[in-house]
C-alpha cells in the first residue's frame, strides 16, 4: 500500500467533525463584545474633547443668549438658512456613512 493510499484510507475512515453551535455562539458573542468595547474606547477621546470644548465655550453662553433675544424679530428670515444648514449636515453625515462602508469592503 502506497503512502497516498494509506492517507486516503485514514481520511475515508474518519467522519467529519460535528459543528458545535454552542461554541460558535460563544465565540461570536466574544468577538462582538470585543468590537463593541473597541468602538467605545475609540469614542472616549472624542467625548473628552467635546466636553473640554463645551467647557471652554461656557463663558460665551450668556452672550449668545443675549444675541438670540435681540435676533428674535429676525427669526423668520433665518428659517431658510437653518433648513439649508440642516439638510447639508444630514447629507454630510449620510455621505460619511457611505464612504465608511466602502472603505471597509
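Residue numbers (the numbering used here): 7 to 111. Backbone N, C-alpha and C fix where the C-beta goes; we use that ideal spot for every residue, glycine too.
First through last residue of the alpha helix (DSSP H) which encompasses residue i
{"i": "residue 39", "result": "27-63"}
{"i": "residue 16", "result": "9-19"}
{"i": "residue 66", "result": "Looking at the DSSP string, residue 66 is not in any alpha helix (DSSP H), and its letter there is neither H nor E."}
Spatial distance of residue i from residue j (CA atoms)
{"i": "residue 46", "j": "residue 109", "result": "20 Å"}
{"i": "residue 32", "j": "residue 43", "result": "16 Å"}
{"i": "residue 58", "j": "residue 49", "result": "14 Å"}
{"i": "residue 30", "j": "residue 36", "result": "10 Å"}
{"i": "residue 105", "j": "residue 41", "result": "20 Å"}
{"i": "residue 107", "j": "residue 95", "result": "19 Å"}
{"i": "residue 52", "j": "residue 17", "result": "55 Å"}
{"i": "residue 61", "j": "residue 73", "result": "20 Å"}
{"i": "residue 99", "j": "residue 15", "result": "60 Å"}
{"i": "residue 93", "j": "residue 101", "result": "12 Å"}
{"i": "residue 27", "j": "residue 13", "result": "29 Å"}
{"i": "residue 70", "j": "residue 54", "result": "23 Å"}
Among the options, the one whose alpha carbon lies nearest that of residue i
{"i": "residue 19", "options": "11, 26 and 25", "result": "11"}
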